[in-house]
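Q:
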Amino acid sequence: MHKQRVLLLSEGFGAGHTQAAHALSSSLRKIAPNVQTKVMELGSFLNPRVAPIIITAYKKTVSSQPRLVRMMYRSNYNKSLNRLTTLALHRIFYTRTIQLIRQLHPDVIVCTHPIPSAVISRLKRIGMLDVPLSTVITDYDVHGAWVSREVNCFLVSTDRVKKQLLERGVENSKIRITGIPVHPNFWERHRKEDIRLQFGLNELPTILVMGGGWGFMKDEAVNSLLALYRESIQIIFCFGSNTKSLEKMKKDERFIHPNIHLLGFTKEIDKLMEVSDLLITKPGGMTCSEGLAKGIPMLFHKPLPGQEEENSSYFTRQGWGTPINSLDDITNWIHRLTNHYEEVVQSREEVLNHIARFRPMQSAQAIIDLLGNATLIR
1 MHKQRVLLLS EGFGAGHTQA AHALSSSLRK IAPNVQTKVM ELGSFLNPRV
51 APIIITAYKK TVSSQPRLVR MMYRSNYNKS LNRLTTLALH RIFYTRTIQL
101 IRQLHPDVIV CTHPIPSAVI SRLKRIGMLD VPLSTVITDY DVHGAWVSRE
151 VNCFLVSTDR VKKQLLERGV ENSKIRITGI PVHPNFWERH RKEDIRLQFG
201 LNELPTILVM GGGWGFMKDE AVNSLLALYR ESIQIIFCFG SNTKSLEKMK
251 KDERFIHPNI HLLGFTKEID KLMEVSDLLI TKPGGMTCSE GLAKGIPMLF
301 HKPLPGQEEE NSSYFTRQGW GTPINSLDDI TNWIHRLTNH YEEVVQSREE
351 VLNHIARFRP MQSAQAIIDL LGNATLIR
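Heads up: the sequence shown runs through residues 1 to 378, numbered per the numbering used here.
(1) Take residue 192 as the anchor and find which of 159, 277 and 162 has the nearest alpha-carbon.
(2) Between which two residues does the beta strand (DSSP E) carrying residue 234 extend?
(3) Please determine, among 41, 366 and 265, the residue with the shortest C-alpha to C-alpha distance to residue 246.
(4) Between residue 293 and the rest of its own chain, which residues show a CB-CB distance below 6 Å, the 5 nearest in sequence each way excluded?
(5) Less than 7 Å between C-beta atoms, sequence neighbours within five positions excluded: which residues of the same chain meet that for residue 98?
(6) Quick check on residue 323 - is its C-beta less than 8 Å from some C-beta in chain D?
(7) Using a Cβ-Cβ cut-off of 6 Å (strictly less than) and excluding sequence neighbours within five positions of residue 116, which residues of its own chain qualify?
(8) Roughly how many angstroms separate the alpha carbons of residue 34 and residue 12, rounded to a whole number?
(9) Buried or exposed for residue 338, going by 16 or more other Cβ atoms inside 10 Å?
(10) For residue 134, which beta-bridge partners are listed by DSSP?
(11) One question on the structure: do residue 299 and residue 321 come within less than 8 Å of each other, judged by their Cβ atoms?
(12) Along the beta strand (DSSP E) that carries residue 10, what are the first and last residues, could you check?
(13) Tell me whether residue 168 sits in a helix, a strand or coil according to DSSP, three-state version.
(14) Just to confirm, are residue 295 and residue 180 a CB contact at a threshold of 8 Å?
(15) Determine whether the beta carbon atoms of residue 204 and residue 238 lie at a separation below 8 Å.
(16) For residue 311, which option in 177, 364, 160 and 327 has the closest C-alpha, if you only look at C-alpha atoms?
(17) Whose C-alpha, out of 222, 353, 251 and 256, is nearest the C-alpha of residue 302?
(18) Which word fits residue 132, buried or exposed, when buried means at least 16 other C-beta atoms lie within 10 angstroms of its C-beta?
(19) Check whether the segment 226-233 and the segment 194-202 are in contact - that is, three or more C-beta pairs closer than 8 Å.
(20) Using 10 angstroms around the beta-carbon of residue 19, count the other beta-carbons present and answer buried if the total reaches 16, otherwise exposed.
(21) Would you tell me roughly how many angstroms separate the C-alpha atoms of residue 213 and residue 241, rounded to the nearest one?
(22) Based on Cα-Cα distance, which residue from 134, 290, 40 and 189 lies nearest to residue 380?
(23) Does the beta-carbon of residue 157 have 16 or more other beta-carbons within 10 angstroms, so that it is buried, or is it exposed?
(24) Could you spell out the range, first to last residue, of the beta strand (DSSP E) harbouring residue 231?
(25) Report the three-state DSSP secondary structure of residue 129 (helix, strand or coil).
(26) From what residue to what residue does the alpha helix (DSSP H) around residue 199 run?
(27) Could you give the first and the last residue of the continuous alpha helix (DSSP H) run that contains residue 315?
Right under this line is the structure:
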């Protein structure tokens with residue numbers, strides 16, 4: 001019997017896109033063990049020398065010239081990637097894409113980043129490929145780069161995103177509101193006592209700080225403020241792959257304390273969110289979605305231009321997070337944790353009850369449905 005294959009394509013411009021692909025892959029295997037999945041960062045796979053250089057340059061530009069990035073995002077907001085751009089991308093990175101796809105022979109292709117989505121769409125448009133294509137929009141806003149008419153199914157986070165796609169001419173039948181896919185672990189509840197034992201944590205109001213490779217840990221004002229409260233609250237700094245910042249903080253006496261925990265890369269962020277009472281983070285679409293699944297209140301630190309700004313605005317409107325406009329925003333939350341802890345816990349339970357209506361496997365089910373219709377689409 002032929003096992004159906006799903007190829008999930010992403011790119012390394014921010015970890016969230018690839019995390020979404022892996023999360024969807026895990027969900028697919030959970031509800032349909034007979035489906036084979038493969039996750040790839042397409043550009044990095046096909047051109048491992050050039051892709052990291054471009055990604056590094058992108059990160060530096062975002063960090064050093066946010067106004068320029070914001071201007072470019074806004075000026076192209078309603079525009080799809082034009083044919084010249086997709087042709088250039090195809091020539092530079094994806095000349096072997098069609099050979100790769102024919103070798104892997106997927107029944108459905110899922111893209112969690114707009115660039116591979118545009119390139120696969122081009123291959124479909126010029127008649128070189130007839131595989132059904134699903135695009136997962138991994139933010140709470142839609143830039144025009146996500147939109148290609150060759151996409152058979154868009155998986156989106158909210159009604160607002162669906163409306164934006166409809167305004168861009170996408171057919172209603174092609175859009176499914178599924179939420180951004182997060183790993184199934186984030187929808188599970190864990191015993192806090194077990195987590196504390198595993199990570200050597202104390203039973204105190206706890207703040208989780210996530211910055212990763214974007215350099216958030218370099219914010220001296222925020223880090224110093226948090227350290228001032230180390231006797232009354234517990235702080236977990238999670239550095240991800242940012243080993244340089246991790247080692248630097250390990251040598252700083254202010255952060256050498258039983259209530260301060262410095263962690264590198266971990267695959268158990270779901271447990272750390274479970275045991276924490278407040279998340280301070282960049283508002284990436286994936287991190288926000290993971291935090292929502294855990295019901296944890298969020299403070300958003302300096303959103304990057306474009307998608308992160310839109311994510312921050314959406315979550316703020318919903319009452320699920322707050323931007324950090326000044327250090328007072330952090331201080332006020334610390335006072336809530338130390339003086340009104342039971343209210344914070346109760347509020348979180350209310351959020352969890354509210355989001356229980358979201359079905360965590362909706363994205364995976366949409367792909368299963370697309371697999372069932374694959375023959376008809378072709």
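We put the CB at the ideal spot given by N, CA and C, even for glycine.
A: With the given structure in hand:
(1) The closest CA to that of residue 192, considering only 159, 277 and 162, is found on 277.
(2) Per DSSP, residue 234 belongs to the beta strand (DSSP E) from 234-238.
(3) Ranked by Cα distance from residue 246, the options 41, 366 and 265 are led by 265.
(4) Taken in chain order, the residues that qualify are 182, 186 and 187.
(5) Cβ neighbours of residue 98 beyond the five flanking positions: 123, 128 and 129.
(6) As a matter of chain content, chain D is missing from the structure shown, which is built from one protein chain.
(7) Only residues of its own chain outside the window of five on either side were considered, and among them 9 and 42 have a CB closer than 6 Å to the CB of residue 116, listed in chain order.
(8) Rounded to whole angstroms, residue 34 to residue 12 spans 28 Å at the Cα level.
(9) That one is exposed.
(10) Residue 134 is bridged by DSSP to 110 and 153.
(11) Inclusion of residue 299 and residue 321 in the CB contact set at 8 Å is warranted, their separation being smaller than that value.
(12) Residues 5-10.
(13) The answer is coil: DSSP assigns residue 168 none of H, G, I, E or B.
(14) Inclusion of residue 295 and residue 180 in the CB contact set at 8 Å is not warranted, their separation being larger than that value.
(15) Not closer than 8 Å, so no.
(16) Per the Cα distances, 160.
(17) Closest by alpha carbon: 222.
(18) Counting the other CB atoms within 10 Å of its CB gives residue 132 a total of 16 or more, which places it among the buried residues.
(19) No, the segment 226-233 is not in contact with the segment 194-202.
(20) Buried, by the Cβ-count rule.
(21) In this prediction, residue 213 scores a pLDDT of 47, lower than 50, which makes its location untrustworthy; no coordinate-derived value is stated.
(22) Given a span of 1 to 378 for the chain in the structure shown, any question on residue 380 remains unanswerable.
(23) The residue in question, residue 157, is buried, as its Cβ has 16 or more Cβ neighbours within 10 Å.
(24) Careful: residue 231 lies outside any beta strand (DSSP E) and carries neither H nor E.
(25) In the three-state DSSP reduction, residue 129 falls in the coil class, being neither helix nor strand.
(26) Start and end: 192-199.
(27) Per DSSP, residue 315 is one residue of the alpha helix (DSSP H) stretching across 307-318.
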